[in-house]
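A.B. asks: The structure follows.
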Amino acid sequence: MNRLPSRALFKSFAVLTVVVLGTLAPTSCCGNEPTEAETDSTVSFVNDVVPILSRHGCNAGSCHGAARGKDGFALSLFGYDPAGDHQTLVREIPGRRIDLAMPGESLLLAKATGSVPHTGGKLFEKDSDAYQKLLHWIEQTAKFDGETAPQLVQVSMTPKEVVLEGHQAKQPAKVLAIYEDGAERDVTNLAAFSSSNSNVASISNDGRIVADRPGEAFVMARFGAHTVGCNVIVHSKDDGFEWPTGIEEANYIDVAILEKLRKLHIVPAPVCSDADFIRRVSIDLTGRLPSRTELASFVVDEDIEKRAKLIDRLLSTDDFERLWAMKWMDLLKVRSINPVSDKSIWKFSQWLKQNIHDGVPIKQWLTEMLTASGGEFENPPATFFQDLPDQKKVAEDVAQVFLGMRIQCAQCHNHPFDRWTMDDYYGFVAFFDMVRRKRGTDPRERIIFSVKGKTLHPVTKEVVKPRFLGGENADATSADPRIALASWMTSDDNPYFAPNLANRIWEQFFGIGIVNEVDDVRVSNPPVNQVLLDQLAERLIATEFDFKALARDICNSHAYQRGTMSGWNSVEAEKNFGAAKLRRIRAEVLLDIISQVTETTDDFAGLPAGASATEIPDGKTTNHFLNTFGKSTRQSVCACEVNTQPNLSQALHLINGDTVHNKIGRGKVIQKMVKSKTPNPEIIENIFLRCLARSPTERELDQLMSELKSGGKRNQVLQDIFWAVLNSREFVFNH
Amino acid sequence: MTCSDHILSRRNLLTVGAVGGLGLSLTDFFRIQAAQAAQPIDSKQNHFQNSEGTAKSVIFIFLPGGMAQQESFDPKPNAPIEYRGPLDSIATSLTGVRFSSQFKKTAQIADKLTIIRSLTHGEAAHERGVHNMFTGYRPSPALRYPSMGSVVSQEFGPRNHLPPYVLVPNVPNEFAGPGYLSSAHAGFSLGSDPAKKDYRVRDLSLPKNVDMQRFGKRRKLLDIVNEHFRQREQSDAIDAMDSFYGKAFSLISSKEAREAFDISKEDDKLRTRYGRNEYGARMLVARRLVEAGVRFVSLTCGGWDHHANIETAMKNNVPQFDQGFSALIDDLSERGLLDSTLVCVTSEFGRSPKINAQAGRDHWPKVFSNLLAGGGVRRGHVFGSSNATASEPDEDPLSVEDWATTIYHCLGINAKKELMAPGGRPIEIVEGGNVRSDLLA
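Order-wise, the sequence lines are chains D and U.
Per the working numbering: the first sequence = residues 189 to 923.
Per the working numbering: the second sequence = residues 1304 to 1744.
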């Protein structure tokens, strides 16, 4: 009965946004009043001792949690194996680490208090809680209570969100653990705290959040296998911020974004010009630049609906489908590599393209793919299982691509900054554990089939049942557990599937995800705008995963159409979609538009002449340009495979390489204009319009004209102007 | 803690970057420096200041496939024939130390080398073994580790306008990359084989009909075109691109830098001494590059996966290696560069103790041999030994971690230093390695 008030208090706290002005002492609500669990004098190994080891970093990866331990003493990383830790502490070298006869003389205590040399130094004082707890546990004969101790089921942190004003403004936080027997316990003094951005806000050992500079941070508490957090926004004190009037909302996307910007005290950048817009949206939706006529007629069009109409037109092109097919081919590692044959890859890519062309909802083709059996030629999606016999890899890929989660860490240890444990990991792998692959009669083909068997946990050696991530066990009666997996994955109730897809679609248009990186969804990497992500996911579900509809909403939002921003808060503004972020155009699209503006074509192995780089089906097909500019190698499902970071080879290639220089010569764009007696200013204007979707400024025209006059052959200097435009930052960025 | 000042200065730099003012102090290789600064440093991270090492540069010669220890630097002349293998052994310039008979010239310079006979790891698949030797780590499903060359690029940056990490002739495998570090630390590949007649470093020289004058004009035009955008937009991404253009222009314009790649500038006799083949030419270009200031040259030669007919295979491969490598060591020594250049020869693993049914040997990571020379390692020293059948380490087993840590030590890098991987996960440059002082001079 006495637990009721505290639960009510916790609830009211959770929804509260606290604004603290200036410096405040911790309020009494977060003092450590003893709860029921604490007044109980029995010290639990699982619920007291291991958390103490975690909080003081004893079982961290850099200390005894390392795979081989440290200085001859090895604990499980972050305490994922309490039974093993108990064994190590008490029984590995009897009487050494724990001295039952003279508890106070135990090496564990001597090391931790620094009374004997310890590489990790002194961790706590003799009069500390931690010391007293450990001492009592040893006095109580250092028992292991893994079987009897109540299991931790949930951890929460309050507040969940806080706005602090001014340097050094403080806010106490409280961490609450809830056990299977319903007991609640304040574990603020047992949790391990950290901050995602200590330049903005830090959190002290006793759970006090302290503001530093304006911005946003996520402070976290780790207890047991749970990580929980609190979002912190810091303003400078008396920044005199006022939300300007007249900022409009085009749709629900803007409502969510402006709400957040208002909280952050950031005024969004104004909407960009028509010319900027048509270049940006053409690159994003079709991978092409607008033609000069498209550009001219769009800019003069007085229809107030013209942007929406342009978006609709671009969305209905084949080019749009081609870009999305490429994205999926990147994510599904569509490349021929031994033993996956070119023919299997060709069929798999055609299958993907056809699904996208026919508007087959992702739920349907994903289910078909996850449950695929049979030969790769007859049933192309079976090629997805290319990593077999490595079932772990298959499971990891499925989690990363479709749920946005990297569960790899949990293969070897419980995830330190997320909720995934080894049990979760092997439970998920179990869905694929009975899938096998064998050679077909045609040596180029592989056949996927299922066998009967059991998955064993590598540590406990117990049978692992297929289990949904963060959910319950799959129905064991189903013949192939993959069927149950597919229906769980694509269910509207799946908390990860729709948000992950929405986030990936979003990232395509902003160069940065709402959760960023898009495939690193974890508790400690929260979305910058939860409301926005939720709404996009709901919209996907409502439209039966019509990604075109979502792309339409996004492109029509003011958020997508904003200009760029400079100044101290531009990074924060871009992160929250209050300003456009400059994005280097990805390799395939960049090559295609260089070919487009130079009126040349490329040859790729196995494709008809004139094929575009974005339609290459096999990830192995490439050329020097594409490699240098970071085309996805499709070796992994990581979104980071598509690399747009600059490097020296890119600069050298655009300057000296055969792409720009030769294409200018081959396409004869300049020669044709010179031949048709086009005057120089018009040729220059033509180059600018076709590449940059704008006319040269007066100053640019003057300077370029005087360069033309100052020597060199006319033809050559004009070609060099073309070369310069193709080498310019303005050309290679989408802005 | 002396490192705290350093942390602060990096933090400050980071802050400056955040307000967009970093573009003001652009220098040629700003981008790499920025990437270094952008490595966030957490107070909990192990941090060590790099010092000046004995090795100013590294030539990393990788022999892909897994060279047999028995047919190279750890022959077992007294073992039964099925272990001994088909090749004889020869004496070297070190008393009592024998090499396999094909390494005639290397045997004569053994007094300049440290011969490691007890390297050991547990990865018998090529890609996993290669991962070990390029990164110092076992492969992980969760993380891509940076190659040693990329770490050196990250820690020291460029010298004399040259890229810090160069790959000869091309990216040899996926583990030679920057891993979780910025892609600015990817190695620069020649993109062309120096052994070929038409060898030309890719994109380094101007196109045929562009001379220096026209190139000057192009740069002027580019400045005009870039001006408008630069005034309109401020972004780290643009600054980064600018800096690489700056570096590219100075590389193209600097005769010294360009000539570092050009082996035709070498004396004909010397080229012949190295051997006019892929081994000789690649090693010669590596020497030119480190001489000019490149910090880490990674080169691959030949194929050493001799599952069958190991005798013929070794007789075909070794003499070219032998000639090139001995010429490289002598040449470095004559130029006074050997003491400051660490030359490292290794495969991903060794080969099985017994000759198999195809007269070859199979993969064997349990014990194998490799070489170190110069750059602060001992001269004329044999480190460790394998047992009588070259199947297990006998004395002083050397782990990949210790080996890599010792190489980093020679470069002045404490491999216990932690670099920041995605997700704010601090990762040691090498995990759990120790400097093996017996390897050091």
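Ideal placement from N, C-alpha and C gives every residue a C-beta, glycine not left out.
Since we're looking at a predicted model, the values are computed, not measured.
When burial is assigned at 16 or more other CB atoms within 10 Å of the CB, is N1673 of chain U buried or exposed?
C.D. replies: Label assigned to N1673 of chain U: buried.
A.B. asks: Nearest chain U C-beta to G309 of chain D closer than 8 Å, yes or no?
C.D. replies: It does not; no Cβ of chain U falls within 8 Å.
A.B. asks: In this structure, how does DSSP classify K1511 of chain U when only helix, strand and coil are distinguished?
C.D. replies: If DSSP states are grouped into helix, strand and coil, K1511 of chain U belongs with coil.
A.B. asks: For L1509 of chain U, which of D:G292, D:L840 and D:S250 has the nearest alpha-carbon?
C.D. replies: Considering only alpha carbons, the answer is D:L840.
A.B. asks: Strictly under 8 Å for the Cβ-Cβ distance: is R1521 of chain U near chain D by that measure?
C.D. replies: Judged by the 8 Å Cβ criterion, R1521 of chain U is in contact with chain D.
A.B. asks: May I ask which residues mark the beginning and end of the beta strand (DSSP E) holding F261 of chain D?
C.D. replies: F261 of chain D -> no beta strand (DSSP E), and no H or E assigned at all.
A.B. asks: Relative to the C-alpha of V711 of chain D, which candidate in D:A767, D:Q784, D:E895 and D:I595 has its C-alpha closest?
C.D. replies: Of the candidates D:A767, D:Q784, D:E895 and D:I595, the one whose C-alpha sits nearest the C-alpha of V711 of chain D is D:I595.
A.B. asks: Identify which residue in U:W1667, U:K1520 and U:M1544 has its Cα closest to the Cα of S1486 of chain U.
C.D. replies: With distances taken between Cα atoms, S1486 of chain U lies closest to U:M1544.
A.B. asks: What is the DSSP secondary structure of S1538 of chain U, counted as helix, strand or coil?
C.D. replies: Residue state, collapsed to three classes: coil.
A.B. asks: State the start and end residues of the unbroken alpha helix (DSSP H) segment that holds N247 of chain D.
C.D. replies: Premise fails: N247 of chain D is in no alpha helix (DSSP H) and is neither H nor E.
A.B. asks: Listing by chain order, which chain U residues have their CB less than 7 Å from the CB of W911 of chain D?
C.D. replies: Near W911 of chain D (Cβ distances below 7 Å), the residues of chain U are R1521.
A.B. asks: Using a Cβ cut-off of 8 Å (strictly closer), state whether M1544 of chain U contacts chain D.
C.D. replies: Interface residue, yes.
A.B. asks: Spatial neighbours of N1463 of chain U within its chain, please: C-beta separation below 8 Å, excluding the five flanking residues on both sides.
C.D. replies: The answer, listed in chain order, is E1559, A1560, A1595 and G1596.
A.B. asks: For the stretch 825-838 of chain D, enumerate the residues whose C-beta is nearer than 8 Å to any C-beta of chain U, in chain order.
C.D. replies: From the stretch 825-838 of chain D, only N831, Q833, P834, N835, L836, S837 and Q838 have a Cβ closer than 8 Å to chain U.
A.B. asks: If the criterion is Cβ atoms closer than 8 Å, does the pair A357 of chain D and F381 of chain D meet it?
C.D. replies: Not in contact: A357 of chain D and F381 of chain D (Cβ atoms no closer than 8 Å).
A.B. asks: In the DSSP assignment, find the unbroken alpha helix (DSSP H) run with L1470 of chain U in it and report its ends.
C.D. replies: Note, L1470 of chain U: premise wrong, no alpha helix (DSSP H); beta strand (DSSP E) at Y1468 to V1471.
A.B. asks: Would you mind telling me which residues of chain U sit closer than 9 Å to D464 of chain D, beta carbon to beta carbon, in chain order?
C.D. replies: Per Cβ cutoff of 9 Å: no residues; D464 of chain D is ~10 Å from chain U at best.
A.B. asks: Please tell me whether S1485 of chain U has its Cβ less than 8 Å away from any Cβ of chain D.
C.D. replies: At least one chain D Cβ lies under 8 Å of S1485 of chain U.
A.B. asks: How is the beta strand (DSSP E) around A1394 of chain U delimited, first residue to last?
C.D. replies: S1392 to A1394 is the extent of the beta strand (DSSP E) around A1394 of chain U.
A.B. asks: Assign S894 of chain D to one of two classes, buried (16 or more other C-beta atoms within 10 Å of its C-beta) or exposed (fewer than that).
C.D. replies: Answer is exposed; the Cβ neighbour count stays below 16.
A.B. asks: Do you know how far the Cα of A457 of chain D is from the Cα of E447 of chain D?
C.D. replies: Each residue's alpha carbon lies about 15 Å from the other.
A.B. asks: Could you give the distance in angstroms between the alpha-carbon of Y614 of chain D and the alpha-carbon of H645 of chain D?
C.D. replies: Going from the Cα of Y614 of chain D to the Cα of H645 of chain D covers about 7 Å.
A.B. asks: Report back the beta-carbon spacing between Y1483 of chain U and R1447 of chain U to the nearest angstrom; my notes put them in contact at under 8 Å.
C.D. replies: With a Cβ gap of about 6 Å, Y1483 of chain U and R1447 of chain U count as contacting.
A.B. asks: Can you look up H274 of chain D in the DSSP assignment and give me helix, strand or coil?
C.D. replies: Helix.
A.B. asks: Below 8 Å on the Cβ atoms is my contact criterion, and I expect E1374 of chain U with S1421 of chain U to pass it. Report the Cβ-Cβ distance as a whole number of Å.
C.D. replies: Between S1421 of chain U and E1374 of chain U the Cβ distance is about 17 Å, and since that is not below 8 Å, they are no contact.
A.B. asks: Run the CB neighbour count on I1364 of chain U, radius 10 Å, all protein chains shown included, and call it buried at 16 or more, exposed below.
C.D. replies: Label assigned to I1364 of chain U: buried.
A.B. asks: When DSSP builds the beta bridges, which residues end up paired with Q359 of chain D?
C.D. replies: DSSP output for Q359 of chain D lists D:I397 as bridge partner(s).
A.B. asks: In angstroms, rounded to a whole number, what distance separates the CA positions of P1389 of chain U and S1650 of chain U?
C.D. replies: Distance between the alpha carbons of P1389 of chain U and S1650 of chain U is about 21 Å.
A.B. asks: Along the chain, where does the alpha helix (DSSP H) that runs through V759 of chain D open and close?
C.D. replies: V759 of chain D -> alpha helix (DSSP H) spans S758 to K763.
A.B. asks: Measure the alpha-carbon distance for N922 of chain D versus K551 of chain D and round it to whole angstroms.
C.D. replies: Those two C-alpha atoms are separated by around 32 Å.
A.B. asks: Looking at T571 of chain D and F619 of chain D, is the spacing between their C-beta atoms short of 8 Å?
C.D. replies: Cβ distance not < 8 Å, so F619 of chain D and T571 of chain D don't count as in contact.
A.B. asks: So, is the C-beta of D394 of chain D closer than 8 Å to a C-beta in chain U?
C.D. replies: So, not an interface residue.
A.B. asks: Under 8 Å, Cβ to Cβ, is there at least one residue of chain U near R256 of chain D?
C.D. replies: Yes, because at least one Cβ of chain U sits closer than 8 Å to the Cβ of R256 of chain D.
A.B. asks: Any C-beta of chain D sitting closer than 8 Å to the C-beta of D1633 of chain U?
C.D. replies: No, because no Cβ of chain D sits closer than 8 Å to the Cβ of D1633 of chain U.
A.B. asks: Along chain D, in chain order, which residues have C-beta atoms closer than 7 Å to that of S1538 of chain U?
C.D. replies: Under the 7 Å cutoff, chain D gives L770.
A.B. asks: Could you check the C-alpha separation between G1687 of chain U and D1699 of chain U for me, to the nearest Å?
C.D. replies: If you take the alpha carbons of G1687 of chain U and D1699 of chain U, they lie about 5 Å apart.
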